[in-house]
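In terms of the UniProt record's numbering, the sequence shown opens at residue 284 and continues consecutively.
For each residue, glycine too, the CB sits at the ideal point set by N, CA and C.
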Amino acid sequence: ARALGGNTLVAYSEELNAEAARRLDLEAQLVHAVERDELDLHLQPQQRLDDGELVGFEALVRWRRGGELVSPGEFIPIAEESGLVIAIGEWVLERACAQIIALREMTGRDFVVAVNISARQFRHPGFYATIEALLARTGVNPASLELEITEGAVMEHTEAAVGLLHKLRALGLKLSIDDFGTGYSSLSYLKRFPIDKLKIDQSFVRQLKPNSQDAAIVQAVIGLGHTLGIKVIAEGVETIEQREWLKRLACDEIQGYFYSRPLAEPQLFAFVIRQCRA
Ligand code: C2E
Ligand code: CA
Ligand code: CA
Ligand code: CA
284 ARALGGNTLV
294 AYSEELNAEA
304 ARRLDLEAQL
314 VHAVERDELD
324 LHLQPQQRLD
334 DGELVGFEAL
344 VRWRRGGELV
354 SPGEFIPIAE
364 ESGLVIAIGE
374 WVLERACAQI
384 IALREMTGRD
394 FVVAVNISAR
404 QFRHPGFYAT
414 IEALLARTGV
424 NPASLELEIT
434 EGAVMEHTEA
444 AVGLLHKLRA
454 LGLKLSIDDF
464 GTGYSSLSYL
474 KRFPIDKLKI
484 DQSFVRQLKP
494 NSQDAAIVQA
504 VIGLGHTLGI
514 KVIAEGVETI
524 EQREWLKRLA
534 CDEIQGYFYS
544 RPLAEPQLFA
554 FVIRQCRA
């Protein structure tokens with residue numbers, strides 16, 4: 284074993300303390316983020332590969348905290364642990380519906396907006412009622428709202444999860460599995476879950492090259508999805524080469540910086556108008 288010097292230990296524990304302090308600080312302020320109107324919802328466009336059409340968006344939450352923009356990768360886990368993710372999640376769903384309506388008014392088209400649902404939010408007893416009330420209140424076309432669920436959220440308590448997914452699907456919503464391939468998935472659940480779309484995680488896309496292991500995995504996922512009647516979207520597509528490979532592998536849709544970054548409202552509307560004219 285390697286002997287640690289006293290200074291190393293001190294530095295290590297100071298770093299842990301600083302991390303814990305930031306966490307507490309974020310959590311204390313996150314409580315007020317919704318009421319203080321500090322959250323924003325950015326939408327990242329998704330493109331269909333066969334005809335290049337804009338077909339939908341993923342909604343990604345942002346937190347303006349003082350002058351700092353805190354990444355959801357940092358605050359969502361905190362919100363998930365503290366339970367704040369329920370309130371934040373409801374705000375996100377509400378905002379996403381408002382965006383669906385605004386996009387429809389602007390273009391006359393129904394775009395799909397996909398919302399990330401955290402495991403805790405999905406398992407919360409009031410979740411189904413929240414969705415049902417939201418659809419009734421806003422009047423959005425249910426087929427315009429997609430829920431992105433991770434493998435982890437549905438793999439535990441499988442029986443309850445299967446039942447809930449069927450009920451949500453019966454409302455007319457779209458359902459997708461996020462970060463597909465990164466969880467401890469048993470593929471057999473794909474048969475039992477009423478899923479519309481698989482999202483291939485960006486870790487498989489990053490080094491996508493002909494004849495690579497990633498290409499083999501991506502090809503297998505696309506084949507599996509299509510055999511089961513499920514659409515496949517690839518995330519984190521940054522280059523034209525990745526796009527061309529995915530197109531050749533018959534991937535249905537892409538999302539990533541190559542097509543567009545996540546966009547705030549003014550840029551979002553400009554992007555949509557450009558795409559609808561093109
Ligand atoms: P995710 O659901 O896997 O979202 C994709 C992430 O990849 C987003 O990070 C997006 O901005 C980023 N991304 C998109 N295109 C590219 C690309 O071409 N290259 C690279 N390198 N990255 C790309 P973001 O917005 O920071 O979100 C991080 C995570 O936070 C999300 O991962 C999701 O798990 C969570 N999250 C975001 N918004 C929400 C929300 O409203 N509710 C919940 N529960 N979680 C959310
Ligand atoms: Ca997602
Ligand atoms: Ca993802
Ligand atoms: Ca991810």
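| Query | Result |
| --- | --- |
| L343: CB within 7 Å of a non-hydrogen atom of ligand 1 | yes |
| Three CB pairs or more closer than 8 Å across the segment 543-555 and the segment 522-532 | no |
| Exposure label - C559; buried when at least 16 CB within 10 Å | exposed |
| beta-carbon S354 near ligand 1 non-hydrogen atom, thresh 7 Å | yes |
| T433 versus S459, T413, A453, G446, residue with shortest Cα-Cα distance | S459 |
| Contact between the segment 316-329 and the segment 368-388 (3+ Cβ pairs under 8 Å) | yes |
| Outcome for V395 when other beta-carbon atoms lying within 10 angstroms are tallied against a minimum of 16 | buried |
| Exposure of E442, with buried meaning 16 or more beta-carbon neighbours within 10 Å | exposed |
| Coarse secondary structure for L376, derived from DSSP in three states | helix |
| Own chain, CB closer than 7 Å to V504, minus 5 neighbours either side, in chain order | F463, G464, L481, I483, V515 |
| Distance cut-off 7 Å: residue 575 Cβ against heavy atoms of ligand 1 | The chain is shown only over 284 to 561; residue 575 falls outside these bounds and no answer can be derived. |
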